[in-house]
Amino acid sequence: MGHRSALGVGSQNSRTEGKRLPIPAQRRYAAADSDWRRAGRGRPVRHRKRAGHRRARQSVPDDDGTKRGGVRPANGAAPAAAGPSPIDSGSCLQRLRDRDGHGPAHRARFRAGLQVRGRRACVGRARHLYFHQVRLLVGRRPAQPRPARLRGGSRAGVERAAHQHVGRPYGGRNRPAGGCAAANGGTAKEVPVNDVILLRFGELMLKGRNRARFENQIVQQIKRVLKPLPNAVLRTESYGRMYVELNGERFEAAAKALEKVFGLLSFSPAIKTESALEPIREAALRAMSRLPVKPETFKVSVKRVDKQFPHDTFEMHRLVGGHVLQHVEGLKVDVHDPDVELRIEIRQNETFVYSESVPGPGGFPLGSNGKAMLMLSGGIDSPVAGWFAMKRGLRIEAVHFHSYPYTSERAKQKVIDLTRVLSDYAGSIMLHLVPFTDIQTRLKETCRENLLITLMRRAMFRITEQLAEKREALAIVTGESLGQVASQTLASMNVIGRAATLPVLRPLVMMDKIDIMTIAEKLETFPISILPYEDCCTLFVPKSPSTNPSLKVVERQEEWMEDWLPEAIRQAVDKTETMWIKPDDKSSEEDRLF
4 MGHRSALGVG SQNSRTEGKR LPIPAQRRYA AADSDWRRAG RGRPVRHRKR AGHRRARQSV
64 PDDDGTKRGG VRPANGAAPA AAGPSPIDSG SCLQRLRDRD GHGPAHRARF RAGLQVRGRR
124 ACVGRARHLY FHQVRLLVGR RPAQPRPARL RGGSRAGVER AAHQHVGRPY GGRNRPAGGC
184 AAANGGTAKE VPVNDVILLR FGELMLKGRN RARFENQIVQ QIKRVLKPLP NAVLRTESYG
244 RMYVELNGER FEAAAKALEK VFGLLSFSPA IKTESALEPI REAALRAMSR LPVKPETFKV
304 SVKRVDKQFP HDTFEMHRLV GGHVLQHVEG LKVDVHDPDV ELRIEIRQNE TFVYSESVPG
364 PGGFPLGSNG KAMLMLSGGI DSPVAGWFAM KRGLRIEAVH FHSYPYTSER AKQKVIDLTR
424 VLSDYAGSIM LHLVPFTDIQ TRLKETCREN LLITLMRRAM FRITEQLAEK REALAIVTGE
484 SLGQVASQTL ASMNVIGRAA TLPVLRPLVM MDKIDIMTIA EKLETFPISI LPYEDCCTLF
544 VPKSPSTNPS LKVVERQEEW MEDWLPEAIR QAVDKTETMW IKPDDKSSEE DRLF
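Residues in the sequence shown are numbered consecutively from 4, following my numbering.
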């Protein structure tokens, strides 16, 4: 439907050009004017803007006998019959038709299609006149009857709409309503459908110019987790839409893999079909039939990405909803609180129909925010902290301090198993095993007993920072929670954290222990963490550790150890053993890197 502009003419005072008088004021002053005339008096004095607007509302006969908006002389006399108006609306229309290439044959259509849009001041010598800007509707199709809209979730309205088709059918002007149905009463053709999984992203959609980098990283992660499913294929469409074609693979297996892809907000099992009315209806019925429990109420939500689709959103609500009601017994419409929301996403080449949504881990793609070193103990907190770090886009490498022979090989295997669980989300994680026995024994012999844990933790931070420099990591991640133990009070964390120059990230610092345990159970690290194998920190805990250590006192204690502590830290870094931990590895080979 084309839109063109034309101009009509009316009167306007030179001081009020471009201004508008409210309609109530027009009527009020028009009534007052008639009272003065009946009394035989002169015209009342009023504002020029209002007077000019009143004159603009009066009709003036044109050359052809018709009345148009024009100018009435100030003394109230009728305008001269001979000669055209200073600016004629017909001439404006004629100039517009000449400019647009339309001839006299379109006169009736132009005049019938005038719609007032507003006022504009005239230019040149006729500044006391104003133009009415109008819109010409050229080539408009005749109006077609539209079915009544569905209001309040009425089932009767949806059922009536199921038998009505609005607008031109999708795919051609001569095709009957109903999309794929035959023109002469034939049955609908078989429409190809495909089971897919729609993928949705969270904070990834907020990125600007570097969004492509984030998308490439999450694509690599999705392809990695889908490797055990050879028939599943990841597809990328325009506007950032991604979906997985199952091609015969089980949805449960694909969903279990996708739940471990960071950056994925949610995903839905969907049916992909053609962007036509009848295929969409059939896909909607198929989606409803796959629900594990038969719902009592439902609603239809339509998202039209393809704005050229012939049926608008409200029409699709009625047409699809009515079709579902006809074929599913005992189903009612509830637009406020439905048991099932049937969602339809219409795109240019395909349409997705789905009714379920499975939550994903969210966050950012793994590795999109750099690398960090995780101080991994055998407890409950540190694996959960590592999971949160990966969720925010950090690729982690684990650092574990062991005190063999004070700790057993089972304690070491416990940490390997925890790392393997975390590697399900990362593909593989490098584990650094640091021998810490010499430093612990020397600290116990030389320092104050209540500062033993504080000095041990400061030494661990220094070793982790040196490993981070070699591995090009940018931060240190710990499982500390504020106030949980003596070394995790605010004063202790302040003194211990000053031993490192890299940022220290504490994802669990404000979480309760019960919340951390709940997440550990979901990650399946809790059963491993509670195994009765002690680590180096639990073996050397003093009877009364300091909860409020002084930084000056701690630094003075370290000055007394300058002759051996720096060298002991360097030797611990050199003797560190590393190994790659993968999800499918039952045993890992140690590879000396440093």
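Glycine included, each C-beta is placed from N, C-alpha and C at the ideal position. Just so you know, these numbers come straight off a predicted model, no measurement behind them.
Worksheet item: Sorted by chain position, which residues of the same chain lie with C-beta nearer than 8 Å to ASN372's C-beta, five sequence neighbours on each side aside?
Response: The residue you call residue 372 lines up with position 369 of the sequence shown. Cβ neighbours of ASN372 beyond the five flanking positions: ARG395, GLY396 and LEU397.
Worksheet item: Nearest to ARG216 by CA position, among GLU570, GLU472 and PRO368, is which residue?
Response: Here residue 216 is taken as the residue at index 213 of the sequence shown, counted from 1. Nearest option by C-alpha distance: PRO368.
Worksheet item: Looking only at its own chain, which residues have a Cβ that is under 7 Å from the Cβ of LYS578, when we skip the five neighbours before and after it?
Response: By one-based count along the sequence shown, residue 578 stands at place 575. Excluding positions up to five away in sequence, the list reads PRO438.
Discussion item. Rounded to whole angstroms, what is the Cα-Cα separation between GLY366 and ARG474?
Written reply: Taking the sequence shown and counting its residues from 1, the one referred to as residue 366 is at position 363. Taking the sequence shown and counting its residues from 1, the one referred to as residue 474 is at position 471. Whole-angstrom Cα-Cα distance: 24 Å.
Worksheet item: In chain order, what residues of the same chain have a beta carbon less than 7 Å from the beta carbon of ALA476, not counting five sequence neighbours either side?
Response: Here residue 476 is taken as the residue at index 473 of the sequence shown, counted from 1. LYS374, ALA375, MET376 and GLU400, listed in sequence order.
Worksheet item: What is the DSSP secondary structure of HIS320, reduced to helix, strand or coil?
Response: Numbered from 1 along the sequence shown, position 317 holds the residue referred to as residue 320. In this structure, HIS320 counts as helix in the three-state DSSP scheme.
Worksheet item: What does DSSP give as the partner residues of THR276 in its beta bridges?
Response: Against the sequence shown, residue 276 aligns to sequence position 273. Answer is THR354.
Worksheet item: Based on the DSSP secondary-structure assignment, which residues constitute the bridge partners of SER269?
Response: Translated into the one-based positions of the sequence shown, residue 269 becomes position 266. DSSP, once it has assigned bridges, lists ARG203 and PRO362 as partnering SER269.
Worksheet entry | Cβ neighbour criterion (16 or more within 10 Å) applied to PRO282 | Within the sequence shown, residue 282 is the residue found at index 279, counting from 1. Counting Cβ neighbours within 10 Å, PRO282 comes out buried, since at least 16 surround it.
Worksheet item: Would DSSP call MET378 helix, strand or coil?
Response: Working through the sequence shown from its first residue, we reach residue 378 at position 375. The answer is strand: DSSP assigns MET378 an E or B state.
Worksheet item: Nearest CA to the CA of ARG461: which residue from GLU472, ASN497, GLY389 and VAL488?
Response: Along the sequence shown, one-based indexing puts residue 461 at 458. That would be ASN497, whose Cα lies nearest to the Cα of ARG461.
Practice prompt. Using the Cα positions of GLU561 and MET463, report the straight-line distance between them to the nearest angstrom.
Written response: As a working mapping, residue 561 is identified with position 558 in the sequence shown. As a working mapping, residue 463 is identified with position 460 in the sequence shown. Computed Cα separation, rounded: 14 Å.
Worksheet item: Is ILE349 buried or exposed, if buried means 16 or more other CB atoms sit within 10 Å of its CB?
Response: For the purposes of this step, residue 349 is taken as the residue at position 346 of the sequence shown. The residue is buried, with at least 16 neighbouring Cβ atoms inside 10 Å.
Item to complete: Identify every residue that forms a DSSP beta bridge with THR300.
Response: Translated into positions along the sequence shown, residue 300 becomes position 297. Answer is LYS335, bridged to THR300.
Item to complete: Could you pull the start and end residues of the beta strand (DSSP E) that ILE399 belongs to?
Response: Taking the sequence shown and counting its residues from 1, the one referred to as residue 399 is at position 396. 398 to 405 is the extent of the beta strand (DSSP E) around ILE399.
Worksheet entry | Inter-stretch contact at 8 Å, needing at least 3 Cβ pairs: the stretch 259 to 269 / the stretch 196 to 204 | yes
Discussion item. Quick check: the Cα distance between ILE456 and SER490, rounded to an integer number of angstroms?
Written reply: Position 453 of the sequence shown holds residue 456. Position 487 of the sequence shown holds residue 490. So the two alpha carbons sit approximately 7 Å from each other.
Discussion item. Pull the bridge partners of MET582 from the DSSP assignment, please.
Written reply: Within the sequence shown, the letter at position 579 stands for residue 582. Beta-bridge pairing links MET582 to LEU434.
Practice prompt. Could you name the residues of the same chain whose beta carbon sits closer than 8 Å to that of PHE529, not counting the 5 residues immediately before and after it, in chain order?
Written response: On the sequence shown, residue 529 is found 526 positions in, with the first residue counted as 1. Contacts found: ILE383, MET520 and ALA523.
Fill in: Contact the stretch 249 to 269 vs the stretch 216 to 230: 3+ CB pairs below 8 Å
yes
Worksheet item: Near VAL512, what residues of its chain come up, given a Cβ to Cβ distance below 7 Å and the 5 sequence neighbours on each side ignored?
Response: Numbered from 1 along the sequence shown, position 509 holds the residue referred to as residue 512. Excluding positions up to five away in sequence, the list reads GLU483, SER484 and LEU485.
Worksheet item: What is the DSSP secondary structure of MET245, reduced to helix, strand or coil?
Response: In the sequence shown, counting from the first residue as 1, residue 245 sits at position 242. Residue state, collapsed to three classes: strand.
Worksheet item: Can you name the start and end residues of the beta strand (DSSP E) that ARG238 belongs to?
Response: As a position in the sequence shown, residue 238 is number 235, starting the count at 1. Element bounds for ARG238: 236 to 239.
Discussion item. Please return the same chain residues whose Cβ sits closer than 8 Å to the Cβ of TYR407, not counting the five positions on each side in sequence.
Written reply: On the sequence shown, residue 407 is found 404 positions in, with the first residue counted as 1. Within the same chain, TYR407 has close Cβ partners LYS415, PRO438 and THR440.
Worksheet item: Quick check: the stretch 332 to 347 against the stretch 282 to 301, are there 3 or more CB pairs under 8 Å?
Response: yes
Worksheet entry | ARG284 versus THR354, SER431 and VAL556, residue with shortest Cα-Cα distance | As a first step, residue 284 is located in the sequence shown; it is residue number 281 there, counting from the start. With distances taken between Cα atoms, ARG284 lies closest to THR354.
Worksheet entry | Exposure of SER380, with buried meaning 16 or more beta-carbon neighbours within 10 Å | By 1-based counting over the sequence shown, the position of residue 380 is 377. Looking at its Cβ environment, which holds 16 or more other Cβ atoms inside 10 Å, SER380 is buried.
Practice prompt. Can you tell me which of LEU458, THR504, PRO510 and LEU505 puts its alpha carbon nearest to the alpha carbon of TRP563?
Written response: Numbered from its first residue, the sequence shown carries residue 563 at position 560. Residue LEU458 is the option with its Cα nearest to TRP563.
Worksheet item: Near LEU288, what residues of its chain come up, given a Cβ to Cβ distance below 8 Å and the 5 sequence neighbours on each side ignored?
Response: Stepping through the sequence shown from its first residue, residue 288 is reached at position 285. Hits under 8 Å: HIS326, VAL327, HIS330 and VAL331.
Worksheet item: What alpha helix (DSSP H) runs, 4 residues minimum, are completely inside the stretch 491 to 515?
Response: 493 to 500
Worksheet item: Who pairs with LEU345 in a beta bridge, going by DSSP?
Response: To locate residue 345, count along the sequence shown from 1; it is residue 342. VAL303.
Worksheet entry | C-alpha distance - LYS555 paired with VAL480, whole-angstrom precision | Residue numbering aside, residue 555 sits at position 552 when the sequence shown is read from its first letter. Residue numbering aside, residue 480 sits at position 477 when the sequence shown is read from its first letter. LYS555 and VAL480: Cα-Cα distance of roughly 25 Å.
Discussion item. I believe ASN219 touches ALA235 by the beta-carbon criterion, under 8 Å. Please report the beta-carbon distance rounded to the nearest angstrom.
Written reply: Numbered from its first residue, the sequence shown carries residue 219 at position 216. Numbered from its first residue, the sequence shown carries residue 235 at position 232. So it is not a contact: roughly 19 Å between Cβ atoms.
Item to complete: Helix, strand or coil for GLU193, going by three-state DSSP, please let me know.
Response: By 1-based counting over the sequence shown, the position of residue 193 is 190. Unreliable placement is indicated for GLU193, whose pLDDT of 49 sits below 50; the coordinate value is still reported in the next sentence. GLU193 falls in the coil class under three-state DSSP.
Item to complete: Give me the Cα-Cα distance between ILE274 and ASP198, rounded to the nearest whole angstrom.
Response: By one-based count along the sequence shown, residue 274 stands at place 271. By one-based count along the sequence shown, residue 198 stands at place 195. Going by the C-alpha atoms only, they are around 5 Å apart.
Worksheet entry | ILE479 - partner residues in DSSP beta bridges | As a first step, residue 479 must be located in the sequence shown, where it is residue number 476. Paired residue(s): MET376 and VAL507.
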